[in-house]
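Student: Letter by letter, the sequence shown follows residues 45 to 327 of our numbering. For each residue, glycine too, the CB sits at the ideal point set by N, CA and C.
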Amino acid sequence: MNEKTKAAGISVFSNTSLVIFKLITGFITGSVSILSEAIHSAMDLLAAVIAFFAVRISDTPADKGHPYGHGKYENVSGIIEALLILLASGWIIYEAVVKILHPGPIESIGLGSVVMFVSAVANFFVSRYLYKVAKKTDSIALEADALHLKTDVYTSLGVAIGLLLIWATGWHFLDSVIAVFVATLIVKEAVHLLRAAYAPLLDASLSESEVEVIKDSIKSHNLSFHALRTRKAGHYRFAELHLEVAPDISVGMAHEMCDMIEKDIMEKIKNIEVSIHVEPLSS
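1. Of the choices Thr104, Ala234, Ile262, Leu193, whose alpha-carbon is the least far from that of Leu174?
2. When DSSP labels each residue in this structure, what does Phe225 get in the three-state scheme?
3. Beta-carbon separation of Glu125 and Ser80 under 9 Å?
4. What would DSSP say about Ile129, mapped onto helix, strand or coil?
5. Return the bridge partner residues of Leu285 from the DSSP annotation.
6. Measuring CB to CB, does Val170 end up less than 9 Å from Ile54?
7. Taking the beta carbon of Gly346 as the centre, do at least 16 other beta carbons fall within 10 Å, making it buried, or is it exposed?
8. Terminal residues of the continuous alpha helix (DSSP H) containing Ser58?
9. Smallest Cα separation from Phe97: which of Ala82, Ala166, Ala52, Asp182?
10. Please return the same chain residues whose Cβ sits closer than 7 Å to the Cβ of Met297, not counting the five positions on each side in sequence.
11. If contacts are defined as beta-carbon pairs under 8 Å, then Val56 and Val93 qualify, I think. What distance do you get, rounded to the angstrom?
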């Protein structure tokens, strides 16, 4: 099991445990904010499962049917996760409105606060670990999963503090207000994630800094080029360009030039495949 798959598996286990604890606590206390957090964690769990399979498939080598590899499975995973987050936020807002129209008492506030604090601490450490692996492996699926859990940290803390305020003030309407606040954070998270995951599916260019690295690598060999195109699929990167060489050089020498440029670029940018088309230098 590689590092990405291991990290995704830990996320699945952590989210499963938290969903169970939050659902039980939510039904015991009758708190819509805790139940909204349980729904949020359930979406996190589903997203973690999707991420788990996405990272496994994305690392599958290129084949006849997928000559450019399977990297975009991670991007599809990220989009699905973003849509799940939006669905969860809509459900939370609905439950909050129902609670406002039909208010009810909240029991065992102390238990609810403890569970929320424990959830925040657990997600804090799992999220940090996922971010570390996501950055190391350039995995959009793990980054999406980490973003889910990072938001869960803030929302769990918000619910815990809100429950304590309800206990101190007796203002039970705060439960629904906090739930709506949780939903707002989740929507913001979903929009950010959707943008990050969707762009590579449209074959958006690599970042400006990476494109500059490619250009500088070619210029360092005192060669001219044009028609540079770049794109990304999951953590895989692709670059294509037309290299201009003197018309009287041999095919072997032109091939050596291409090899030098490709090696130089691949040493500076991880997981990149470079395709070079050689053309005679125009006078």
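Tutor: Considering the structure as presented:
1. For the purposes of this step, residue 174 is taken as the residue at position 130 of the sequence shown. Comparing Cα positions, the closest option is Leu193.
2. What you label residue 225 is simply residue 181 of the sequence shown in a count that begins at 1. Residue state, collapsed to three classes: helix.
3. Here residue 125 refers to the residue found at position 81 of the sequence shown. Here residue 80 refers to the residue found at position 36 of the sequence shown. Cβ distance not < 9 Å, so Glu125 and Ser80 don't count as in contact.
4. For the purposes of this step, residue 129 is taken as residue 85 along the sequence shown, with counting starting at 1. For Ile129, the secondary structure class from DSSP, reduced to helix, strand or coil, is helix.
5. What you label residue 285 is simply residue 241 of the sequence shown in a count that begins at 1. Under the DSSP definition of a beta bridge, Leu285 partners with Ile320.
6. Against the sequence shown, residue 170 aligns to sequence position 126. Against the sequence shown, residue 54 aligns to sequence position 10. Taking 9 Å as the Cβ cut-off, Val170 and Ile54 qualify as a contacting pair.
7. The chain is shown from 45 up to 327; residue 346 falls before or after that span and cannot be answered.
8. Mapped onto the sequence shown, residue 58 falls at position 14. That run of the alpha helix (DSSP H) goes 47–73.
9. Position 53 of the sequence shown, counted from the start, is the residue given in the question as residue 97. Ranking Ala82, Ala166, Ala52, Asp182 by Cα distance to Phe97 puts Ala52 first.
10. Start at 1 with the first residue of the sequence shown, and residue 297 comes out as number 253. Cβ neighbours of Met297 beyond the five flanking positions: none.
11. For this step, residue 56 is matched to residue 12 along the sequence shown. For this step, residue 93 is matched to residue 49 along the sequence shown. About 6 Å separates the two Cβ atoms, so the contact holds.
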